[in-house]
Amino acid sequence: MQSFDFTKTTNQQKLEIQFGNIFSSFQINRQSQIYRIVKQCLEFNPQNRTPAVDLLIQFIVQNQNYLDVEISSILNKKQAEQLFQIQKSVAEKSKKQEVELLQITKIYKDQKFEMLIQEFNQLKEKPFEIFEYQIILYLLLKNTQFDSNFEFISVGATGLILGVYNISQKRHSALKIQRVSSKHEIVREIGIIRDCQMPLVIKFYGFFYLDVTKKEDFVVYEIEKCSGNLKQYFNRLKKDKIQLNEEEKMQIAIQVIDVINYLHYNDIVHRDIKIENILYIDSNKSKVPIIKLTDFDQARKMYYNLINDNGNYVKDYKPIKGACGTLGYISPEIFNTLLYTFQSEIFSLGVCLAVIDNFETLEPSLKQKNLDCLHGFKIPFEPSYLVKNELIKRNTKIYDIILKTVAFNQEKRKNLSSIIADLHQKYGYQFYSKEFTFFQNIASDFQYRKIAHFALSNNIGPDGAKAVASEIAKCPTLSTLTLALQSNNIGPDGAKAVASEIAKCPTLSTLSLALQSNNIGPDGAKAVASEIAKCPTLSTLSLDLQSNNIGPDGAKAVASEIAKCPTLSTLSLGLQSNNIGPDGAKAVASEIAKCPTLSTLSLALQSNKIGPDGAKAVASEIAKCPTISTLSLYLYNNNIGPDGAKAVASEIAKCPTLSTLSLALQSNKIGPDGAKAVASEIAKCPTISTLSLYLQSNNIGPDGAKAVASEIAKCPSLSTLTLALDYNQLNGDELLENMFRKNMILNIQY
Numbered sequence: 001m002q003s004f005d006f007t008k009t010t011n012q013q014k015l016e017i018q019f020g021n022i023f024s025s026f027q028i029n030r031q032s033q034i035y036r037i038v039k040q041c042l043e044f045n046p047q048n049r050t051p052a053v054d055l056l057i058q059f060i061v062q063n064q065n066y067l068d069v070e071i072s073s074i075l076n077k078k079q080a081e082q083l084f085q086i087q088k089s090v091a092e093k094s095k096k097q098e099v100e101l102l103q104i105t106k107i108y109k110d111q112k113f114e115m116l117i118q119e120f121n122q123l124k125e126k127p128f129e130i131f132e133y134q135i136i137l138y139l140l141l142k143n144t145q146f147d148s149n150f151e152f153i154s155v156g157a158t159g160l161i162l163g164v165y166n167i168s169q170k171r172h173s174a175l176k177i178q179r180v181s182s183k184h185e186i187v188r189e190i191g192i193i194r195d196c197q198m199p200l201v202i203k204f205y206g207f208f209y210l211d212v213t214k215k216e217d218f219v220v221y222e223i224e225k226c227s228g229n230l231k232q233y234f235n236r237l238k239k240d241k242i243q244l245n246e247e248e249k250m251q252i253a254i255q256v257i258d259v260i261n262y263l264h265y266n267d268i269v270h271r272d273i274k275i276e277n278i279l280y281i282d283s284n285k286s287k288v289p290i291i292k293l294t295d296f297d298q299a300r301k302m303y304y305n306l307i308n309d310n311g312n313y314v315k316d317y318k319p320i321k322g323a324c325g326t327l328g329y330i331s332p333e334i335f336n337t338l339l340y341t342f343q344s345e346i347f348s349l350g351v352c353l354a355v356i357d358n359f360e361t362l363e364p365s366l367k368q369k370n371l372d373c374l375h376g377f378k379i380p381f382e383p384s385y386l387v388k389n390e391l392i393k394r395n396t397k398i399y400d401i402i403l404k405t406v407a408f409n410q411e412k413r414k415n416l417s418s419i420i421a422d423l424h425q426k427y428g429y430q431f432y433s434k435e436f437t438f439f440q441n442i443a444s445d446f447q448y449r450k451i452a453h454f455a456l457s458n459n460i461g462p463d464g465a466k467a468v469a470s471e472i473a474k475c476p477t478l479s480t481l482t483l484a485l486q487s488n489n490i491g492p493d494g495a496k497a498v499a500s501e502i503a504k505c506p507t508l509s510t511l512s513l514a515l516q517s518n519n520i521g522p523d524g525a526k527a528v529a530s531e532i533a534k535c536p537t538l539s540t541l542s543l544d545l546q547s548n549n550i551g552p553d554g555a556k557a558v559a560s561e562i563a564k565c566p567t568l569s570t571l572s573l574g575l576q577s578n579n580i581g582p583d584g585a586k587a588v589a590s591e592i593a594k595c596p597t598l599s600t601l602s603l604a605l606q607s608n609k610i611g612p613d614g615a616k617a618v619a620s621e622i623a624k625c626p627t628i629s630t631l632s633l634y635l636y637n638n639n640i641g642p643d644g645a646k647a648v649a650s651e652i653a654k655c656p657t658l659s660t661l662s663l664a665l666q667s668n669k670i671g672p673d674g675a676k677a678v679a680s681e682i683a684k685c686p687t688i689s690t691l692s693l694y695l696q697s698n699n700i701g702p703d704g705a706k707a708v709a710s711e712i713a714k715c716p717s718l719s720t721l722t723l724a725l726d727y728n729q730l731n732g733d734e735l736l737e738n739m740f741r742k743n744m745i746l747n748i749q750y
């Protein structure tokens with residue numbers, strides 16, 4: 001009551017509830033039992049709000065000291081009996097738990113775990129209950145993979161970190177332990193951190209679940225153990241009265257720029273860049289530590305559409321809507337629009353660099369300076385009525401970068417790739433994230449590169465293709481590879497040889513392989529997928545096999561092999577124009593749905609004679625994948641018709657975790673009724689926030705177009721919409737934009 005006044009909340013803050021942000025700018029105890037009930041009451045969708053009697057029973061279950069309280073609001077016999085049974089089962093469970101805890105406590109005393117318990121008890125904000133922590137320690141103790149000498153490292157809002165020694169792998173590591181709120185979110189976070197694996201990102205060794213109070217209700221990430229975060233590092237220097245010179249600070253800044261640029265190259269935004277999320281490891285060779293970016297729970301992949309720009313296809317990125325980040329580092333536009341882009345992250349990066357260069361003067365006033373963003377500023381961190389003193393040095397190398405990043409207008413912020421190019425040219429700084437693009441005369445330092453992009457289209461044939469891949473495989477540090485070999489007459493043996501060589505890259509996490517129009521055939525396509533599946537670290541795969549006469553059996557075999565990739569989280573599979581047919585298309589989707597960790601899928605099946613039944617079967621199989629959050633499904637020119645289109649949308653709407661959907665249905669004879677039905681079914685999906693719907697050349701007409709817009713406008717959580725209605729005999733005066741909420745991002749093509 002002292003820190004939260006509902007009358008001071010804004011309509012925008014109330015609308016943010018739909019994105020799970022419950023008055024995030026107020027100081028609210030978010031660990032209490034009451035707050036758990038609050039979250040169930042403040043559901044944006046009324047249908048998702050828990051009835052009062054269920055909340056009451058739930059509260060009693062979680063607070064056993066109220067078991068004997070007389071409840072006057074339990075009105076009917078059935079509810080009273082329900083409460084009695086719960087009281088009985090809770091009491092029995094409580095007795096059993098007491099016995100187990102006594103046993104656990106004895107083990108702790110025997111193993112000298114009392115210090116860990118004491119440290120947890122002393123925490124002001126605890127991420128979970130004490131008995132849960134005791135059970136967690138007990139379960140970890142039983143895990144023979146780890147030595148029993150645990151070390152308490154740190155605690156956060158959602159979990160804690162223990163230091164351990166992994167006996168089987170002979171390494172010191174850290175265990176990040178947190179409650180499972182959504183397995184889908186865990187899969188997404190793991191997929192992103194696997195995509196990012198490079199020397200400046202925290203090493204991810206694996207994860208497992210714990211059964212604490214119920215099955216798999218806690219997750220444990222095993223990650224690299226570090227010395228601390230950069231805030232702790234600079235506080236240590238301050239305490240020891242150690243000053244870094246300009247070049248030493250610049251060496252830290254270079255690493256931070258490098259790792260963020262690497263993320264952006266892979267279409268990833270971290271969304272919470274701050275010095276607390278940048279860990280460090282002390283270097284034996286230098287006073288400058290090695291940095292490690294961590295905490296990817298807010299990270300997202302940036303969704304994009306490919307657009308034709310004078311014959312070249314470029315990525316048109318869509319902003320991510322929703323509150324994120326930490327006050328002090330948030331870019332100005334986030335305060336007003338809640339729309340996050342690469343430019344938003346560049347601002348946060350610039351703030352980080354300013355703190356690195358001016359820690360003692362700037363860090364204590366960082367939050368106040370961030371509020372200057374509400375009024376605008378001409379130069380970064382200029383004196384203002386909030387903080388009148390000059391807080392930063394304006395004659396350093398880092399300040400030159402700050403000028404290019406901490407700009408009020410996001411259009412004035414420079415891309416990191418151009419900043420890196422300038423720093424390399426002026427000062428000779430080296431970067432992991434600098435893209436290597438020239439295959440001829442490979443530089444001697446290629447073997448230390450992390451990113452390579454090669455495009456070869458000179459009819460190199462099977463032997464030439466294999467030779468190229470063999471050279472690439474000699475790079476032991478490569479993590480991101482784009483290899484475009486389309487229209488090179490490679491054939492099945494050459495394609496297999498290429499994939500076999502690439503699979504030898506020991507650290508490859510992101511692969512884009514373009515093999516379209518190479519006469520590969522079904523056996524060659526299967527062999528390619530089989531070799532790629534042997535890559536142990538692959539998390540993102542883009543495989544383009546367009547126009548290779550694969551057929552239904554070959555397509556199924558490709559998908560079946562890809563599904564064997566144990567760490568795949570993002571898949572883009574191009575199978576267009578391969579005469580797959582309805583049965584082959586269904587088989588492809590069925591195999592892909594078996595991927596246990598897939599969160600992002602792009603499946604191109606256009607021009608494959610799928611028909612309405614095949615299209616429905618594809619969507620039905622994809623909907624069985626429990627972890628997909630981003631789906632791009634290309635089905636145009638497949639003679640689907642109105643009923644098939646409706647069935648596709650109806651099945652997709654069943655995806656329980658879908659937030660981003662791109663559905664391409666152009667040239668399918670859908671008509672106005674079919675188009676309306678598609679939009680109506682999509683609107684039933686309560687979780688979609690970003691939608692791209694392509695309905696060109698379907699004879700929809702003006703009334704059909706209005707009906708489509710009217711139905712889509714009913715989507716409860718939609719914030720970004722691309723709606724393509726070209727070549728549908730429209731009048732040109734529809735003005736469909738007026739049907740949508742004013743704060744939506746709209747791109748309607750007539």
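Going by UniProt numbering, the first residue of the sequence shown is number 1, and it counts up by one from there.
Glycine residues also receive a C-beta, built at the ideal position from the N, C-alpha and C atoms.
Counting along the chain, the unbroken alpha helix (DSSP H) around T405 starts and ends at 397-405. Take V618, set aside five residues on each side of it, and the residues of its chain with a beta-carbon closer than 8 Å to its own are A585, K586, V588, A589, L603, L605, I610, L633, L635, V648, in chain order. Taking every protein chain shown into account, the CB of H264 has 16 or more other CB atoms within 10 angstroms, so this residue is buried. Sequence-distant partners of L327 (beyond 5 residues in either direction) whose C-beta falls short of 7 Å from its own C-beta, in its chain, are K367, N370.
Beta-bridge analysis with DSSP links K241 to no other residue. Taken atom to atom, the span from the alpha-carbon of K504 to that of K676 is near 49 Å. As the crow flies, the alpha-carbon of K287 is around 16 Å from that of K231. Contact between P492 and I460 does not hold, since their C-beta atoms are separated by about 16 Å, which reaches or exceeds 8 Å. DSSP places G191 inside the alpha helix (DSSP H), whose first and last residues are 183-195. Collapsing the DSSP output to three states places F359 in a helix. For the pair F23 and R30, the Cα-to-Cα distance works out to about 11 Å. Within its own chain, the residues whose Cβ lies closer than 8 Å to the Cβ of F207, once the five positions on either side in sequence are excluded, are I186, I190, V219, V220, Y221, E222, listed in chain order. In this structure, Q666 sits near Y694, with a CB-CB distance shorter than 8 Å. Per DSSP, T337 is one residue of the alpha helix (DSSP H) stretching across 332-337.
Of the candidates T627, S148, R741, S710, the residue whose Cα lies closest to the Cα of R188 is T627. V201 is the residue among F120, K450, V201 whose C-alpha sits nearest the C-alpha of I260.
One Cα belongs to S719, the other to A421, and the distance between them is close to 35 Å. Taking C-beta atoms under 8 Å as the contact rule, K239 and E224 fail to qualify, at a distance of about 25 Å. Annotation: the continuous alpha helix (DSSP H) that includes Q118 extends over 114-121. Under the rule that a run must span 3 or more residues, the beta strand (DSSP E) segments found entirely inside the region 619-669 read 630-634, 660-664. DSSP places N29 in no beta strand (DSSP E); its state is neither H nor E. In this structure, DSSP gives D316 an extended state, which the three-state scheme calls strand.
F207 is bridged by DSSP to Y221. Distance from the Cα of E621 is smallest, within the candidate group D583, P642, I640, V351, for D583. For F131, the enclosing alpha helix (DSSP H) stretches over residues 130-142.
Between D295 and Y304, the CB-CB gap reaches or exceeds 8 Å. Distance from the Cα of Y429 is smallest, within the candidate group Y209, I257, G674, N48, for I257. Nearest to N608 by C-alpha distance, out of E651, A555, S25, is A555. Look at the region 518-592 and you find these whole runs of beta strand (DSSP E), each 3 residues long or longer: 540-544, 570-574. If you draw a 10 Å sphere on the C-beta of E711, you find 16 or more other C-beta atoms in it, and that means buried. Secondary structure of E151 (DSSP, three-state): strand. Secondary structure in the region 425-479: the alpha helix (DSSP H) runs of 4 residues or longer, each lying completely within the stretch, are 461-472 in chain order. Nearest C-alpha to S692 among S662, A593, Q118, N548: S662. In the structure shown, the three-state DSSP call for A157 is coil. Apart from the 5 residues on each side of it in sequence, C535 sits with its Cβ closer than 8 Å to the Cβ of I502, A503, C505, L508, L511, C565 in its chain, given in chain order. Pairing T144 with I346, the inter-Cα distance amounts to about 44 Å.
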